[in-house]
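Below is one structure, written out as structure tokens; the observations come after it.
Residue numbers (full-length UniProt numbering), protein chains in the order written: chain F, 1 to 362; chain R, 1 to 362.
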């Protein structure tokens, strides 16, 4: 929070006293960060106008930008996606003289809460987080950071209920485009290695969409993209073709194996993340099937390996470096004194067409 | 460093005065951390014995173990090897109530120096580092941390000149075993995608070994393993079969392509890291060659992708999780009051034999 000393006009403390609110509430209102109820906000703004208070952007930036360190909280440091994203954050932050420290939550919300506390304790200037929080209630730790004057930028995953800057990709469009490519090749039985940890497999489309709403934003968007493409082509939804549950390679092998053993089996599989693709490839081999002749394949998250497979794999490539770089730029701009825009910055993923899609066998 | 207050016996300052050395030197000697010359060490120990000084392990652990945070500095957070290692550190540290913050140096020594300063500033209790330092002179930042009472454990890379705990794998044995497997299959022209950033390609075996001594310990050990296997089989060393220079995928494609175009071309390639293998696979494809019939392949660093390649690849699997876990245990034990053993903890890598090695064509 800004220090009151050395300002020519009235201080935040004087505005707070005039408004009859706490100093923290006045600081949040006048600093443009954190939650303040509409009623208190109105009282603070009225008091500020009456006393002629002018925000001191320099004081604000100096009071926050003291450690020149950004904290980044990722869901899984072992996922190459996040590694690439971190490189983007790091390159941008280092170019502006900021260090970056990273914590990994391994997809556990309680670890994320602990990580935010560590970053507050370590006095970082701002936080970039790929949050596991699903709603406002689960985001109290993020709000707590903001209340302490530490701006927060979401990356990879938006949290629908939160009014924060978020840098994401167009997951829905990317998933729809991949499924459309499969449909255009003639496929109608298209498996989807989706994989949020849903306790019981949804039996209907309605239940599936409801399950998506209770899981990560990213997963929900990808399911919607899959459904969009089916709907546009008037292909009926079959819940047996969607894998839910923890997306370990072992489970993918079992689940894709199950889809390949159905009487009306899948002729194409769209899968997300590395485990989804390596598991699908194992399942094909176990079933004695080849791609692209027997089963067409598209994966989500390109890698050097996908390009050297024989045949090479058609993959969705996320702009991982730019995701991180953009999140860092948004955060650094706020630390530099800009007002948080609190908007969603959406980057486009790109479908890299290689040789894993062919028409289904007649 | 331990606080002197509240101790019944003589203080470190009194021992230092008796020995005629600075307090920091006495603290390093008695605390069992950091470098002290043999002569000064002997003087401090003699003074301590004369005055009846007894180390106060509790005071030492309390003075250091205050933030319950470990700092980990990795060379490249984008390398799956380090991601697995970090998971090992994190699992072990979290089980003992410690948080883990990570910084990536992208193989730049100046970034590593900055990272150590950040960790000191953030008051971590101890540091685990995969250091880019090659000698004592380049390790001043690590010594500075130790001088402030922050123990340092090296991981993945030993620094030969430093007397510190180091948790590493047996790189030399692992490399030798891989090359022995290729020799046993009948190969004598064995390429090695080695890759430390050497300005000019060494022209002789002597120059190659000298270059290794000026580069990362890991790289030096792997070269020695390659040479060991050749020597045992009386295969003459040919510098044209070793790739040096930055190990980007593009350069690997070029260099392996060059080895495949030699009149007496390579019939096998042993390559390190993901870029080494994916680059080698591209080079084979560009040359119209297949593995294992035309060229045998072994890689260093197993992955889920290597197992689903067709044919699946024979790879050296490093115990990445255990590397990190062991480094964390060594560090946490020191923070708990144990004397640093200052030893090298060597874990074994494992050769996973799959189907990328066949005899050379007759």
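By construction, the Cβ of each residue, glycine as well, lies at the ideal position given by its N, Cα and C atoms.
What you are looking at is a predicted structure, and each value in this text was computed from that prediction instead of being measured.
- Considered as a whole, the stretch 227-304 of chain R harbours 249-261, 273-286 as its complete alpha helix (DSSP H) runs of no fewer than 4 residues, in chain order.
- About 15 Å separates the beta carbon of residue 280 of chain F from that of residue 244 of chain F, a gap too long to meet the 8 Å contact definition.
- With distances taken between CA atoms, residue 282 of chain R lies nearest to F:310 out of F:248, F:181, F:310.
- The stretch 192-208 of chain R and the stretch 272-279 of chain R touch, with three or more beta-carbon pairs separated by less than 8 Å.
- Think of a sphere of 8 Å around the beta carbon of residue 99 of chain R: the chain F residues whose beta carbon falls inside it are 103, 114, 115, 118, in chain order.
- Only 303, 304, 305, 306, 307, 308, 309, 310 from the stretch 298-320 of chain R bring a Cβ to less than 9 Å from some Cβ of chain F.
- Here residue 293 of chain F has 358, 361 as same chain residues with Cβ atoms under 8 Å from its own Cβ, once five neighbours each way along the sequence are excluded.
- Contact of residue 12 of chain F with chain R is not assigned, every C-beta pair being separated by 8 Å or more.
- For residue 347 of chain F, there is no enclosing alpha helix (DSSP H); the enclosing beta strand (DSSP E) covers residues 344-347.
- The distance from the Cβ of residue 77 of chain F to that of residue 86 of chain R is about 5 Å, consistent with a contact at the 8 Å cut-off.
- Scanning F:329, F:147, F:165 for the CA closest to the CA of residue 120 of chain F turns up F:147.
- DSSP places residue 104 of chain R in the uninterrupted beta strand (DSSP E) bounded by 99-104.
- For the stretch 72-89 of chain F, the set of residues with a beta-carbon nearer than 7 Å to any beta-carbon of chain R comprises 77, 78, 80, 83, 84, 86, 87, in chain order.
- When CB distances to chain R are screened at a threshold of 7 Å, the residues of the stretch 276-298 of chain F falling below it are 278, 281, 282, in chain order.
- The beta carbon of residue 122 of chain R falls within 8 Å of a beta carbon belonging to chain F, placing the residue at that interface.
- Apart from sequence neighbours up to five positions away, the residues of its chain that approach residue 44 of chain F with a beta-carbon distance below 8 Å are 15, 16, 19, 21, 25, 26, 29, 30, 36, ordered along the chain.
- In terms of beta-carbon proximity, residue 180 of chain R stays away from the interface with chain F, with every pair separated by 8 Å or more.
- For the stretch 244-256 of chain F, residues whose beta-carbon sits nearer than 7 Å to a beta-carbon of chain R comprise 249.
- Spatial neighbours of residue 170 of chain F in its own chain (CB-CB distance under 6 Å, excluding positions within 5 residues in sequence) are listed in chain order as 346, 348.
- Distance from the CA of residue 10 of chain R to the CA of residue 133 of chain R, rounded to the nearest whole angstrom, comes to 38 Å.
- Boundaries for residue 15 of chain R: no beta strand (DSSP E) harbours it, while the alpha helix (DSSP H) harbouring it runs 12-19, taken from the DSSP string.
- In this structure, DSSP gives residue 307 of chain R a helical state, which the three-state scheme calls helix.
- Take the alpha-carbon of residue 257 of chain R and the one of residue 318 of chain F: they are about 30 Å apart.
- Two segments are said to touch when three or more pairs of C-beta atoms, one from each, lie closer than 8 Å; by this definition the stretch 167-184 of chain F touches the stretch 228-248 of chain F.
- Secondary structure note for residue 166 of chain F: its beta strand (DSSP E) is the uninterrupted segment 166-169.
- Look at residue 88 of chain R here: in three-state DSSP terms it is helix.
- Linking residue 306 of chain R to residue 315 of chain R through their CA atoms gives a straight-line distance of about 8 Å.
- According to DSSP, residue pairing for residue 351 of chain R in a beta bridge involves R:316.
- Residue 274 of chain R belongs to the set of residues whose beta carbon lies under 8 Å from a beta carbon in chain F.
- Residue 200 of chain F and residue 215 of chain F have their C-alpha atoms spaced approximately 13 Å apart.
- Taking every protein chain shown into account, the CB of residue 289 of chain R has fewer than 16 other CB atoms within 10 angstroms, so this residue is exposed.
- Taking a C-beta distance under 8 Å as the contact criterion, residue 312 of chain F and residue 151 of chain F do not qualify as a contact pair.
- Residue state for residue 159 of chain F is assigned as coil, using DSSP reduced to three classes.
- In this structure, the straight-line span from the alpha carbon of residue 238 of chain R to that of residue 356 of chain F is close to 40 Å.
- The Cβ atoms of residue 69 of chain F and residue 328 of chain F lie no closer than 8 Å to each other.
- Taking a C-beta distance under 8 Å as the contact criterion, residue 154 of chain F and residue 165 of chain F qualify as a contact pair.
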